[in-house]
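Please read the structure below before turning to the comments.
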Amino acid sequence: MAGEVRAGERRKRRGDDPERSFQWITPKGRKASLYEDVTVGTQPSVYTFLASGYTCSFPDGRGTWWDDSTGVDVVDWTVFRDPNELWERPYYQQGAQCEKEIENATRSARSEGLYADVDPAWVEFLRRDGQVQAFVEHGIWSIATRRSRAALADTLTHGIVLYAAVKQRQAQAFVIEGMDLDEDLGDFQIEAAKARWTGEPAWQDARRVVERLGTITDWGELIVVTGLVIEPLLGSLVRRELLLRGALRAADPLTPTIVRGAQRENAWWNDFALAFAQFGTEDEQHAAANRSLIASWLADWEPEALAAVDALEPIFAGAPGVDFAAARARVVADQQALVAAAGLVAADPVAAA
Amino acid sequence: MATQQTRRRSVTKTHERIAQLGWDRDYHQPVPIYDTRYVFPDKAKDPMKQVMREYLPMQLEKDERVYGGFDAALRAGMPTKADERWLQVMKPLILILVYAEGAAGRCMSVVMDVVPNDELLNGYHVQFVDEVRHIGMQMGLARWYTKHTPDPAGWHNGQEYMADNLITRAGINMFSHSFVGDPIAAGFTMMTVIETAFTNVAFVALPDVATRNGDFIQATTYSSVQSDEARHISNGYATMLTVLQKEENIPLIQHDLQQAWWIVHAWVDPFIGTTMEYFSTDRSDNESYLVKWDRWIRDDWYRSYVEQLGKMGVTIPPDMFDRARERLVAGLHHKTAPLAFATWPLNFWKFDPLTETDFEWFEDKYPGWYDEYGATWEAYAALADPEEGALLLGGFMEGAPPFCWTCMLACVIDDDMCHRTCADRHGEDRTRFYCSPECRWLDETNPGRYTGDRNYFDKYHGMSLSEVILKQKLLRPDGKTLVGQPHLNPDRMWTIDDIRAADFTILSPNITSAAAMGLPSGSWHDEGDPFGAVQADGNGFQPVTLYGGGAGHDGGGRGQSGLDDLAKAAVGDTPWVKL
Numbered sequence: 001m002a003g004e005v006r007a008g009e010r011r012k013r014r015g016d017d018p019e020r021s022f023q024w025i026t027p028k029g030r031k032a033s034l035y036e037d038v039t040v041g042t043q044p045s046v047y048t049f050l051a052s053g054y055t056c057s058f059p060d061g062r063g064t065w066w067d068d069s070t071g072v073d074v075v076d077w078t079v080f081r082d083p084n085e086l087w088e089r090p091y092y093q094q095g096a097q098c099e100k101e102i103e104n105a106t107r108s109a110r111s112e113g114l115y116a117d118v119d120p121a122w123v124e125f126l127r128r129d130g131q132v133q134a135f136v137e138h139g140i141w142s143i144a145t146r147r148s149r150a151a152l153a154d155t156l157t158h159g160i161v162l163y164a165a166v167k168q169r170q171a172q173a174f175v176i177e178g179m180d181l182d183e184d185l186g187d188f189q190i191e192a193a194k195a196r197w198t199g200e201p202a203w204q205d206a207r208r209v210v211e212r213l214g215t216i217t218d219w220g221e222l223i224v225v226t227g228l229v230i231e232p233l234l235g236s237l238v239r240r241e242l243l244l245r246g247a248l249r250a251a252d253p254l255t256p257t258i259v260r261g262a263q264r265e266n267a268w269w270n271d272f273a274l275a276f277a278q279f280g281t282e283d284e285q286h287a288a289a290n291r292s293l294i295a296s297w298l299a300d301w302e303p304e305a306l307a308a309v310d311a312l313e314p315i316f317a318g319a320p321g322v323d324f325a326a327a328r329a330r331v332v333a334d335q336q337a338l339v340a341a342a343g344l345v346a347a348d349p350v351a352a353a
Numbered sequence: 001m002a003t004q005q006t007r008r009r010s011v012t013k014t015h016e017r018i019a020q021l022g023w024d025r026d027y028h029q030p031v032p033i034y035d036t037r038y039v040f041p042d043k044a045k046d047p048m049k050q051v052m053r054e055y056l057p058m059q060l061e062k063d064e065r066v067y068g069g070f071d072a073a074l075r076a077g078m079p080t081k082a083d084e085r086w087l088q089v090m091k092p093l094i095l096i097l098v099y100a101e102g103a104a105g106r107c108m109s110v111v112m113d114v115v116p117n118d119e120l121l122n123g124y125h126v127q128f129v130d131e132v133r134h135i136g137m138q139m140g141l142a143r144w145y146t147k148h149t150p151d152p153a154g155w156h157n158g159q160e161y162m163a164d165n166l167i168t169r170a171g172i173n174m175f176s177h178s179f180v181g182d183p184i185a186a187g188f189t190m191m192t193v194i195e196t197a198f199t200n201v202a203f204v205a206l207p208d209v210a211t212r213n214g215d216f217i218q219a220t221t222y223s224s225v226q227s228d229e230a231r232h233i234s235n236g237y238a239t240m241l242t243v244l245q246k247e248e249n250i251p252l253i254q255h256d257l258q259q260a261w262w263i264v265h266a267w268v269d270p271f272i273g274t275t276m277e278y279f280s281t282d283r284s285d286n287e288s289y290l291v292k293w294d295r296w297i298r299d300d301w302y303r304s305y306v307e308q309l310g311k312m313g314v315t316i317p318p319d320m321f322d323r324a325r326e327r328l329v330a331g332l333h334h335k336t337a338p339l340a341f342a343t344w345p346l347n348f349w350k351f352d353p354l355t356e357t358d359f360e361w362f363e364d365k366y367p368g369w370y371d372e373y374g375a376t377w378e379a380y381a382a383l384a385d386p387e388e389g390a391l392l393l394g395g396f397m398e399g400a401p402p403f404c405w406t407c408m409l410a411c412v413i414d415d416d417m418c419h420r421t422c423a424d425r426h427g428e429d430r431t432r433f434y435c436s437p438e439c440r441w442l443d444e445t446n447p448g449r450y451t452g453d454r455n456y457f458d459k460y461h462g463m464s465l466s467e468v469i470l471k472q473k474l475l476r477p478d479g480k481t482l483v484g485q486p487h488l489n490p491d492r493m494w495t496i497d498d499i500r501a502a503d504f505t506i507l508s509p510n511i512t513s514a515a516a517m518g519l520p521s522g523s524w525h526d527e528g529d530p531f532g533a534v535q536a537d538g539n540g541f542q543p544v545t546l547y548g549g550g551a552g553h554d555g556g557g558r559g560q561s562g563l564d565d566l567a568k569a570a571v572g573d574t575p576w577v578k579l
């Protein structure tokens, strides 16, 4: 008897007492994770708990949330989980860590006199195009933050908001880098970068596709297009292939730190988008229709993203130590692998080119 | 060690650079999915100047303190030291506030979709990230209470209970106003009224009461939340200053701000007033809810903020504000509290009877309180024991006031209650009751907004109470003891058998009131539509009323209506009737 009592107490302490854990969560694993506890169930819907319908609706008949906010259809949106379980606490930890690393790299570059070793041709490239990527990140941010509200589950809303947040951090990190380099090396103006973004022909296909993102009204399309097309092709081409590889060869002490942080965040979003696409294409009732829809999004956006990639060849040509053809091949291969992991087929990069 | 250069960047200069990130779109224009009646000037000013390099470590530090506080509270034995009466009401309070945080975040998303001024967007976005933080912290707090406080029943299924609870679903209705409908009106609801006026009550005054009751972890969490609210209030002010630059917006501001004020008052005041005063055991607080309200709402918000808008051309008649205060003086939350307590079997927390000490405090703060309400509370205490075999709800239900169509709380002020009849989607007349002419005005001027199976009791009309309890899964894991209880005594808890023995049948006060008054049916429940008779048909949606004649839309989602149209839209088809 005493043993049974003690076992009961232990169960309670472990949280096995049903009154001491959130029973509304169907955990993905054996037990609900902390991420699930603080995220799942925070967005009620007519499918989860709002048994009397939406009490507050739009004048055009849309409820508080509306099913056709995305063309993707699934049996139960609440089952979706971010595979990396990002919620506010790890978001702030990781974001603050990125910014701390950049600050430390900046201090170190200054105190150790590292800027003296940087390839002058790379400095010239940075002056010209180093901050332009900030406009890409900012453009993605501005649509992601607007589409987050309509997402049909809390785990999706949280993911889109935090994606917007990492985009804003990345955009600002590039601008602050320019500000710091302006102080140390001179003539790093954001106005000049903006002029390149809005006027330089090589950037215009990138600008066109980023502006087109602002026309997306379907939040599911936003996840798929950014996570499986724009980020792996255009984002990784500029950040990893141009800025990171170029900076490493040029002994740039600062840019690699900025890009590594951004690419860590990018890997999270790739995983998120992949999980979302798989969630749709593996749905027990709507898999075929979702596969067709997501494939149509890929077909619609990949040629334009690849055109933006190809248009950047002159930008690569102006940077020392980078090889556009190799860079293009790497990002295309990575994107094809990502899309294949979702059970889909990427566009033919040759035909697109 | 090498010298570390620690030059500090100017926040203003950094922000000036970051502000350059916006550009005029040439290839594609953004497509909004929400519609607004407001027009926007070319220039706006971001008061927040928030830069991620500063923001992220600042928020992380604040997070560390809150989550560290959870551990400290455990080590200090707070779960058993805090007052249980207070801990019980944290169940609905925290969960509805989590919904409020989500509503605030989504408010930013809809506002960003229509505000074209790049200068403001960064501030809105940072607020959305703040709200994600608040959700995480407050769900973390809910989790902490669940794992450590003496009686966690109710927490365990809290989100499900909260969404369909008599009291908190009305809160969902109110907070949803901040991300449904015209984004700028939604923004006023959240930023100008909820955050600027009421967070001082909910996140400053309420945590003070929590601390008095030994619950310092609630205060730790909400003080951290409130530290972000100053920036959110700035967002609201910046939005106001931006739309104020266009004269044609002024009638819209006047209309929307009054409506936002009313719907927030109609739910927050009875809910927070009841939470603060009827669930506090500690009676050392010299300030009543009304005194706190005067300090935070009347002086700090209405007089210092709303009245000052007059200098900028926005004249908000004082009637709406005065009326809200009059309702508080008339006992809005004192009349709501007994009804809430009487419905204890349908709730997911315990309701501790008031004691002589409580009576003395109420009488001291609200002279005449005992004469008006004392007998009710004594009856409540007398019937708290299941041995008595009777429910106060039985006595209440026969004479209970109907529930308000708009704010969804009971119409407790007799002189204010009003009604109208409307056709349902089948063309049959039904009666809608309102707690006040103001709530009726909100419904009449916002066709299509108030949907769903709104009257809580309609769908349960004629059902036994035990059946409804089972339907709502309001039993503890033993399968017989109710989650909600009318006292804190663990040895005398009500079971479903006690409820069955009491043999009580639910009657919808909306149905019985309409019948007694000879009006068309007061039920809006539709057996053929689980979401209610008004769902799906737009409830007679007339774009003419909401969108200033519906004329002149430019296809980009932004209204181009003339002044006359907008002025008409501001008052709708039913002009505000001064009482």
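Chains as they are written, first to last, in the working numbering: chain A, 1 to 353; chain B, 1 to 579.
The C-beta atom is built at its ideal place from N, Cα and C for all residues, glycine as well.
Only a predicted model underlies this, so the values are computations on that prediction, with no experimental measurement involved.
The C-beta of B/GLY181 comes closer than 8 Å to at least one C-beta of chain A. Looking at the DSSP output, B/TYR450 shares a beta bridge with A/CYS56. Relative to A/ARG146, the option among A/ARG245, A/GLY220, A/VAL40, A/LEU228 whose CA is nearest is A/GLY220. Contact of B/ILE18 with chain A by beta-carbon distance below 7 Å involves GLN172, VAL175. Note: B/ALA44 is not bridge-paired with any residue in the DSSP secondary-structure output.
Separation of B/LEU354 and B/MET493 (C-alpha to C-alpha, rounded to the nearest whole angstrom) is 17 Å. Distances from the alpha-carbon of B/PRO30 to those of A/THR217, A/ALA262, A/MET179, A/GLU231 put A/THR217 closest. Judged by DSSP in its simplified three-state form, B/SER513 adopts helix. Taking the CA atoms as reference points, A/GLU304 sits about 24 Å from A/LEU244.
Interface flag for A/ARG30 against chain B is unset, since no Cβ pair is found closer than 8 Å. When the five nearest sequence neighbours on each side are left out, the beta carbons in the same chain lying within less than 6 Å of the beta carbon of A/PRO44 are those of LEU50, in order along the chain.
Under a criterion of Cβ atoms nearer than 9 Å, the residues of chain B adjacent to A/LEU162 are, in order, VAL129, VAL132.
For B/TRP441, no CB of chain A lies under 8 Å from its own CB, so it is not counted at the interface with that chain.
In the three-state DSSP reduction, B/ASP529 falls in the strand class (E or B).
Listed along chain B are THR146, LYS147, HIS148, PRO152, TRP155, HIS156, each with a C-beta nearer than 9 Å to that of A/ARG20.
Put simply, the CB of B/GLN259 is far from chain A, with every gap to its CB atoms at 8 Å or more.
By the criterion of a C-beta distance shorter than 6 Å, B/SER224 is surrounded in its chain by LYS62, VAL66, once the five residues flanking it on both sides are discounted.
Secondary structure at B/HIS419: strand, using DSSP grouped into helix, strand and coil.
When the Cα atoms are used, B/ALA381 and B/ALA230 turn out to be separated by approximately 42 Å. Among the residues facing chain A, B/GLU160 is included, as its CB has a counterpart in that chain under 8 Å away. In the DSSP assignment, B/ALA410 is bridged to B/PHE403.
Non-local beta-carbon contacts of B/GLN245 in its own chain, meaning distances under 6 Å to residues more than five positions away in sequence, involve PRO41 in chain order.
At a cut-off of 8 Å, the C-beta of B/HIS177 has a neighbouring C-beta in chain A. Considering only B/ILE172, B/ASP282, B/THR80, the residue with the shortest C-alpha distance to B/PRO150 is B/THR80. The criterion of a C-beta distance shorter than 8 Å is satisfied by B/LEU507 and B/MET397.
Taken atom to atom, the span from the alpha-carbon of B/TRP262 to that of B/ILE316 is near 13 Å.
Buried is the label assigned to B/GLY236, since at least 16 other Cβ atoms lie within 10 Å of its Cβ.
B/ASP46 has a beta carbon lying at 8 Å or more from every beta carbon in chain A. In chain order, THR48, ALA153 place their CB closer than 6 Å to the CB of A/THR78, counting only its own chain and leaving out the 5 sequence neighbours on each side.
In this structure, the beta-carbon distance from A/THR106 to A/ASP187 does not fall below 8 Å. Not a single C-beta of chain A is nearer than 8 Å to the C-beta of B/TYR460. Short of 6 Å from the beta carbon of A/ASP119, and not among the five residues preceding or following it, lie these beta carbons of its own chain, in chain order: ALA250, PRO320.
Residue-level contact by beta carbon holds for A/LEU50 and chain B, with a gap shorter than 8 Å.
Rounded to the nearest whole angstrom, the C-alpha separation of A/ASP271 and A/GLY261 is 16 Å. CA-CA distance, B/LEU519 to B/TRP155, rounds to 41 Å. Non-local beta-carbon contacts of B/PHE321 in its own chain, meaning distances under 6 Å to residues more than five positions away in sequence, involve TYR302 in chain order.
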